[in-house]
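One structure is given below, encoded as structure tokens.
Chains as they are written, first to last, in the working numbering: chain Y, 1 to 276; chain R, 277 to 748.
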């Protein structure tokens, strides 16, 4: 059956791309409005004390420190958490992997055409570790025009989908391990939803990685297109589930919680109280 | 044993305080009603604290009590408020309950555990500035859990009694406390060589001296008066303290009491129309006067609020006072309420640098200052403190304890404090300072006690006393 938006919904891939995306997006929009409304409804006007004025310089330094201090503190006090959680999962996993990976750029541009700019300006990153490595190992000159078309030059040795996915998988696995350990210690702040959220991330990463490798799960020497389509479909479906649950889960921090929290702290601690 | 020599209104306040204490019982309907009431008042910022924690536990090492046990990490303590919030105020929490970690206290042991967690938080704000999401766990522990446990009866007797004594303004009717005040004022008069300018109208500076100031650092009270006198400014002070340590109610989570006391304090000060109010106490009194008071009144007060450290810097810059510079190996401990919670970190350092060429910063100072471990009421939870206060009140110390269970709680808290304070003492040791200057009675008590415990030979002095001793 041909869908109004093109394609057919006969398999997971088509279901994810042509149908569920809109459902996930609707849930995301509804959930976001719900979460923000709750906050607005709880907003109370209070009379504030006269702020301690330390000048524009202190305000800017305060803003930088508000965002930077927890990172420095984490490097000093929990270096493994920092490497796995912050570097592997967030700095490498989320930003370049989700938003810059060439395949994702093309996909996002399908739903949101201006996203093409990432491709046109060469900001996107390649998928393959092999072609990326050839950027610096190949004797052919100039290598960059032959193997990858990005602005990242030799950095693609790290900034490629394969490697970043592996690092992100390690990061998520580490975080899952931490949760298991914390729960074994009887700590109360471990929530069942933590396992669901991290498990979903792991599922998305593994299916994405497998699909990108065109992983032949059968012993066939030729590519099993149906299986590839299924893996890719599961990957996209997983990502759409993540989008749908974002307003109701810890993923909300990326959309709102982190930015609101840090900016509020900056206003409260640095601007109002004047901490330097 | 009730002391018969105490005036009836003091006995009445003690009785009222005691009536709130219940370390054994558990009234489910009362607890549920309290949770509904407390969570019903949650504002947008608290909602962010409740809803946006991802459980990364990055805050944990910031807390002075995390070294005592990982169950005392800020995220862990605050999570109990989130459990109740999910059950009380979220649709999924109501439907799925334990599956989403949504639950409310259902037996006495839960309250016992919660009160322990409340007194493993000093509200120092270190978790707040080190949280990647700007979540103030202290605001949940002291703002939501403390009122719940206190109003459900798990409140230390000493605090319940002094909260009532401050709110009912009977603390000065305790003969020994009145005597302390009178002795300090007499000594101050002697030091200044002239009568004290009590309750003058229209003064430029109103020195806010509370009874706790006179009790815990009389030298600082006299020192502040000498500074003001030397500067030749038009100043005044209250004939009698307006409060014991306002607002004690805030420490135990009695919001109404805190508002009542702060309104009274403000009204009494405003009658005298001072331009500035100078606060000596760098504990919770300062942020309450400086930042919370406008919220209580619904308007800004008619005067400016300054901490004594801010005033001294101002006077030094204006050349109204001069210091004899020494070379003491001295350092400054930032009281968390004055520094992280109220932004006064630069001023004391500037003044102390002017006072001594041997001044050095602590390895962890300013926003990263280590908490002394005594705040949030913990400093009052020791048998020595209970015995001292009982002696001053002329009552048996058993009267300031509800029973064995509370005593065990106090002893366990004291033990926890002795571990928590070590980090601070080690920091002081690394600095090589021989004198620690600070401005909060609890910090002074905690650092002195910690130094004794860990064999560090240092002197702990209030800022005003230290500066006054070096006035030219």
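Where a beta carbon is used, it is the ideal one built from N, C-alpha and C, also for glycine.
Inset, instruction - Identify the contact partners of residue 332 of chain R in chain Y, using a Cβ-Cβ distance below 8 Å as the criterion. - result: Within chain Y, the residues placing a beta-carbon under 8 Å from that of residue 332 of chain R are 81, 85, ordered along the chain.
Inset, instruction - Confirm, please, whether the CB-CB distance from residue 600 of chain R to residue 746 of chain R is below 8 Å. - result: Taking 8 Å as the cut-off, the Cβ atoms of residue 746 of chain R and residue 600 of chain R count as close.
Inset, instruction - For residue 278 of chain Y, return the contacting residues in chain R, with the cut-off set at a CB-CB distance below 7 Å. - result: Lying outside 1 to 276, the shown extent of chain Y, residue 278 of chain Y is not represented and no answer is given.
Inset, instruction - Measure from the C-beta of residue 385 of chain R to each C-beta in chain Y and report whether the shortest distance is under 8 Å. - result: Chain Y contact via Cβ: absent.
Inset, instruction - Verify the CB distance criterion: does residue 265 of chain Y have a CB-CB separation below 8 Å to chain R? - result: Interface residue, yes.
Inset, instruction - Could you tell me whether the Cβ atoms of residue 513 of chain R and residue 483 of chain R are closer together than 8 Å? - result: Yes, the Cβ-Cβ distance between residue 513 of chain R and residue 483 of chain R is below 8 Å.
Inset, instruction - Report the neighbours of residue 110 of chain Y on chain R: residues whose CB is nearer than 9 Å to its CB, in chain order. - result: Listed by position along chain R, the residues whose Cβ is nearer than 9 Å to that of residue 110 of chain Y form an empty set, because the closest Cβ is around 31 Å away.
Inset, instruction - Say whether chain R places a C-beta atom closer than 8 Å to the C-beta of residue 53 of chain Y. - result: Chain R, which has no Cβ nearer than 8 Å to the Cβ of residue 53 of chain Y, makes this no.
Legend entry - Where residue 50 of chain Y meets chain R, residues with beta-carbon distance less than 7 Å: Among the residues of chain R, those whose CB is under 7 Å from the CB of residue 50 of chain Y are 576, following chain order.
Legend entry - Below-8 Å beta-carbon distance, residue 4 of chain Y vs any chain R residue: Residue placement at residue 4 of chain Y cannot be trusted, given a pLDDT of 48 that sits under 50; the coordinates are not used to answer.
Legend entry - For residue 249 of chain R, the nearest candidate out of R/380, R/326, R/354, R/397 (CA to CA): As displayed, chain R neither begins before 277 nor continues past 748, which places residue 249 of chain R out of reach and without an answer.
Inset, instruction - Within the same chain, show all residues whose beta-carbon is closer than 7 Å to that of residue 200 of chain Y, passing over the 5 residues directly before and after it, in chain order. - result: 238, 241, 242, listed in sequence order.
Inset, instruction - Using 10 angstroms around the beta-carbon of residue 608 of chain R, count the other beta-carbons present and answer buried if the total reaches 16, otherwise exposed. - result: Looking at its Cβ environment, which holds 16 or more other Cβ atoms inside 10 Å, residue 608 of chain R is buried.
Inset, instruction - For residue 70 of chain Y, return the contacting residues in chain R, with the cut-off set at a CB-CB distance below 7 Å. - result: Those within 7 Å of residue 70 of chain Y in chain R are 334, 406, 407, 408.
Legend entry - Enclosing alpha helix (DSSP H) for residue 813 of chain R [first to last residue]: Absent from the model: residue 813 of chain R. The displayed extent of chain R is 277 to 748, so no value can be given.
Inset, instruction - Report the residue ranges of all beta strand (DSSP E) runs contained in full by the stretch 211-269 of chain Y; include only those spanning at least 3 residues, in chain order. - result: If we require 3 residues or more, the stretch 211-269 of chain Y turns out to have no beta strand (DSSP E) run fully inside it.
Inset, instruction - With 8 Å as the C-beta to C-beta threshold (strictly closer), list the residues of the stretch 182-195 of chain Y near chain R in chain order. - result: Those would be 182, 185, 186, 187, 188, 189, 190, 191, 192, 193, 194, in chain order.
Inset, instruction - Report the residue from R/410, R/374, R/677 whose alpha carbon sits nearest the alpha carbon of residue 253 of chain Y. - result: Selected option, being the one with the closest Cα: R/410.
Inset, instruction - Would you mind working out which of Y/54, Y/26, Y/258 sits nearest residue 269 of chain Y, comparing C-alpha positions? - result: Checking every option, the nearest Cα to that of residue 269 of chain Y belongs to Y/54.
Inset, instruction - State buried or exposed for residue 290 of chain R, treating a residue as buried only when at least 16 other CB atoms are found within 10 Å of its CB. - result: Under this definition residue 290 of chain R is a buried residue.
Inset, instruction - Spell out the partners DSSP gives residue 325 of chain R in its beta bridges. - result: Answer by DSSP bridge pairing: none, since residue 325 of chain R is not bridged.
Inset, instruction - Round the Cβ separation of residue 716 of chain R and residue 613 of chain R to the nearest angstrom and send it over; I've been treating them as touching at under 8 Å. - result: Correct: roughly 7 Å between the Cβ atoms.
Legend entry - CA-to-CA distance, residue 225 of chain Y to residue 232 of chain Y, given in whole angstroms: Each residue's Cα considered, the two are about 10 Å apart.
Legend entry - Coil, strand or helix - residue 736 of chain R by DSSP: In the structure shown, residue 736 of chain R sits in a strand (DSSP, three-state: E or B).
Legend entry - Host alpha helix (DSSP H) of residue 363 of chain R (start-end): Boundaries of the alpha helix (DSSP H) around residue 363 of chain R: 350-365.
Legend entry - Local Cβ density within 10 Å of residue 56 of chain Y, reported as buried at 16 or more and exposed below that: The residue is exposed, with fewer than 16 neighbouring Cβ atoms inside 10 Å.
Inset, instruction - Name, please, each residue of chain Y whose Cβ falls closer than 7 Å to the Cβ of residue 318 of chain R. - result: Against residue 318 of chain R, the close residues of chain Y are 42, in the order they occur along the chain (beta-carbon pairs closer than 7 Å).
Legend entry - Contact set between residue 328 of chain R and chain Y, taken where Cβ atoms lie within less than 9 Å: Ordered by position in chain Y, the residues that pass the 9 Å Cβ test against residue 328 of chain R are 250, 252, 253, 256, 257, 258, 260, 261.
Inset, instruction - With a threshold of 16 other CB atoms inside 10 Å of the CB of residue 474 of chain R, please say whether the residue is buried or exposed. - result: Exposed is the call here.
Inset, instruction - Using a Cβ cut-off of 8 Å (strictly closer), state whether residue 275 of chain Y contacts chain R. - result: Yes - at least one Cβ of chain R is within 8 Å of the one on residue 275 of chain Y.
Legend entry - Strand pairing of residue 125 of chain Y, partner residues [DSSP]: Paired residues: Y/101.
Inset, instruction - Tell me, please, whether the CB atom of residue 38 of chain Y is closer than 8 Å to any CB atom in chain R? - result: Chain R has a Cβ within less than 8 Å of the Cβ of residue 38 of chain Y.
Inset, instruction - Using the Cα positions of residue 619 of chain R and residue 113 of chain Y, report the straight-line distance between them to the nearest angstrom. - result: Cα to Cα, the separation comes out at about 48 Å.
Inset, instruction - Verify whether the separation of the beta carbon atoms of residue 323 of chain R and residue 38 of chain Y is less than 8 Å. - result: Cβ distance < 8 Å, so residue 323 of chain R and residue 38 of chain Y count as in contact.
Inset, instruction - Using the Cα positions of residue 374 of chain R and residue 353 of chain R, report the straight-line distance between them to the nearest angstrom. - result: Those two C-alpha atoms are separated by around 18 Å.
Inset, instruction - Take residue 368 of chain R as the anchor and find which of Y/266, Y/193, Y/214, Y/275 has the nearest alpha-carbon. - result: That would be Y/193, whose Cα lies nearest to the Cα of residue 368 of chain R.
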